[in-house]
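Per my numbering, the sequence shown starts with residue 2, numbered consecutively.
A virtual CB, placed ideally from N, CA and C, is assigned to each residue, including glycine.
To start, the structure itself, in structure tokens.
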Amino acid sequence: MKKTTLVNHPPDVSPPPGNVPVTAPIYQSVKFEFETIDDTLRMLRGDAPGYFYMRASNPTTRQLELTLAQLQGRDDCLATASGVNAIAQTLLSLTKQGDHVLFFIETYGPTRNIIRRLLARFGVENTMLSIEDLAGVENVLASRPTRLVFFESPTNPVTKVADIEKLVALAHRHGALAVVDNTFAGFHQHGEYDIDLFVHSLTKYASGTGDVMGGAVIGRRELIDDMRPDFAVLGAHLDPHAAFLIQRGLKTYFVRYTAQTANARKIAAFLEAHPAVSRCHYPGLEAHPQAALARKQMKEPGTVVSFDLRDGSEAARRFSEGLKLFALTASLGSTESLVMPPQLVGSRDFTPEQAKQSGVGPGTVRLSIGLEDVGDLIADVDSALG
Ligand SMILES: Cc1ncc(COP(=O)(O)O)c(C=O)c1O
């Protein structure tokens with residue numbers, strides 16, 4: 002073998018049978034081969050296990066998919082390059098021209114754009130209501146066939162809690178699928194409800210460290226199997242290196258979520274009592290309008306705390322810029338605390354009435370609470386409020 006050949010066919014160093022790595026290796030390979038064409042065809046037909054081309058599947062990404070499916074209490078999962086990609090591919094895969102989608106003002110902005118701009122270009126119609134308008138949901142579902150209802154809980158940024166049991170029952174009674182973006186709640190929550198598909202941004206709590214992006218759709222096997230061919234040709238399969246980092250992040254998911262939630266509870270209580278704050282939005286507070294529903298539905302209220310400053314947007318700007326320990330940026334769920342001022346959380350695509358229903362006011366600030374010492378965080382918030 003010449004050296005030019007050797008570098009393309011390096012020595013095989015697979016561990017011998019019975020000698021296994023404790024942490025699964027990163028299968029950083031686009032291609033997988035069988036010895037024969039018949040074995041390859043058997044695998045491609047689904048008659049035998051295996052891998053062929055990374056755009057369809059890869060063992061490292063597959064390990065993450067199976068872990069996430071079990072965490073969420075479902076059969077299967079498809080992992081994608083980002084959270085919005087999981088949402089976009091799921092919606093594209095489930096809908097066709099003439100279908101109708103019901104979603105909400107309180108839905109994450111890019112998801113609203115996917116439904117209102119992208120899907121609408123392909124003739125998929127939509128209705129947008131407030132997540133609090135259950136009577137409206139019932140009216141819309143009774144008045145026209147609807148392919149799916151897409152919602153979030155708690156919502157972004159003011160943490161409204163959707164009545165999952167009622168929404169899912171209404172969707173199913175009218176033949177619609179219930180699809181939930183469960184990013185805020187995480188993988189250990191809401192699995193007991195009859196939700197058809199969960200979408201997640203893995204960029205948030207799964208990785209936890211804010212240095213890698215990913216997304217996932219999780220559901221029962223038939224639904225995931227129906228979507229799999231579309232996902233393979235849309236071509237945003239999660240890269241194995243990113244999958245490895247997210248799998249590693251999951252090892253500390255539960256301790257992080259619980260510790261960050263404990264910090265969030267204390268910061269919410271501090272904000273609620275502060276004279277500069279007119280209202281604190283946190284599902285773990287007794288004063289939250291849906292506190293009882295949150296207690297019933299959620300094991301933990303999460304790590305996003307939003308609040309309204311009495312003095313409006315300029316005060317919110319000074320507050321956000323005055324924080325030392327909170328990074329002034331998007332995202333949530335990572336170990337470092339983050340702040341989003343009203344100038345960045347507001348939405349430009351709303352009518353004045355919809356903007357009012359969204360619950361975002363001129364002084365609404367969103368905090369994502371991290372793993373820092375809670376005394377340090379409260380001192381920072383106190384000083385910036387001062
Ligand atoms: C609720 C929610 N869903 C989806 C996403 C999109 O995730 P990604 O940034 O991984 O595309 C985000 C991102 O902030 C989010 O907050």
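Identify whether residue i lies in helix, strand or coil by the three-state DSSP scheme.
i      : result
Asp40  : helix
Ser279 : strand
Lys32  : strand
Met129 : strand
Met228 : helix
Leu333 : coil
Asp309 : strand
His238 : strand
Leu203 : coil
Ala172 : helix
Leu67  : helix
Glu139 : helix
Pro155 : coil
Phe185 : coil
Val361 : coil
Gln190 : coil
Thr96  : coil
Thr160 : coil
Lys1   : Residue coverage of the chain in this structure runs from 2 to 387, which leaves residue 1 outside it and unanswerable.
Val382 : helix
Phe320 : helix
Glu373 : coil
Ala82  : coil
Val346 : helix
Lys297 : helix
Asn114 : helix
Pro12  : coil
Ser442 : The requested residue 442 does not occur in the structure, where the chain is confined to residues 2 to 387.
Ile394 : Any answer about residue 394 is impossible in this case: the structure gives the chain only from 2 up to 387.
Ala25  : coil
Lys4   : helix
Looking only at its own chain, which residues have a Cβ that is under 6 Å from the Cβ of residue i, when we skip the five neighbours before and after it?
i      : result
Arg280 : Asp309
Gln190 : Met299 and Lys300
Ser94  : Met228 and Asp231
Gln291 : Val162
Ala243 : Val213 and Gly215
Ile116 : Val102, Phe104 and Asn127
Thr184 : His201, Ser202 and Lys205
Pro284 : Pro155, Thr160, Val162, Ala295 and Pro302
Gly323 : Ala385
Glu66  : Cys78 and Ala80
Where DSSP assigns a beta bridge to residue i, which residues make up the other side?
i      : result
Tyr54  : Lys32
Gly220 : Asp77 and Leu198
Ala328 : Leu339
Ala179 : Val150
His101 : Glu126
Val366 : Phe308
Got a sec? Which residues, its chain only, sit under 7 Å from residue i by beta carbon, not counting five neighbours each side?
i      : result
Leu294 : Val162 and Asp164
Leu149 : Leu95, Val102, Ala177, Leu178 and Val180
Val31  : Tyr54 and Met55
Gly124 : Gln98 and Gly99
Glu139 : Leu171
Ala233 : Arg56 and Ala57
In chain order, what residues of the same chain have a beta carbon less than 8 Å from the beta carbon of residue i, not counting five sequence neighbours either side?
i      : result
Ala143 : His175
Ala316 : Ala277, Leu310 and Gly364
Arg221 : Arg75, Asp76, Asp77 and Asp197
Ser338 : Leu326, Phe327, Ala328, Leu368, Ser369, Ile370, Gly371, Glu373 and Leu378
Counting only C-beta atoms, is residue i closer than 8 Å to chain B at any point?
i      : result
Val218 : Looking at the structure shown, chain B is missing, and only one protein chain is on hand.
message = Across the segment 265-281 and the segment 83-103, are there enough close Cβ pairs to call them in contact, namely three or more that are closer than 8 Å?
response = no
Three CB pairs or more closer than 8 Å across the segment 333-346 and the segment 130-146 = no
message = Closer than 8 Å is the cut-off here; do at least three beta carbon pairs connect the segment 347-363 with the segment 236-251?
response = no
key: the segment 195-213 contacting the segment 77-84, beta-carbon criterion three pairs below 8 Å   = yes
key: Segments assigned alpha helix (DSSP H), at least 4 residues, entirely inside the segment 243-294   = Correct list: 254-273.
query = Does the segment 167-178 come within contact of the segment 135-145, defined as at least 3 CB pairs closer than 8 Å?
reply = They touch, by the three-pair rule.
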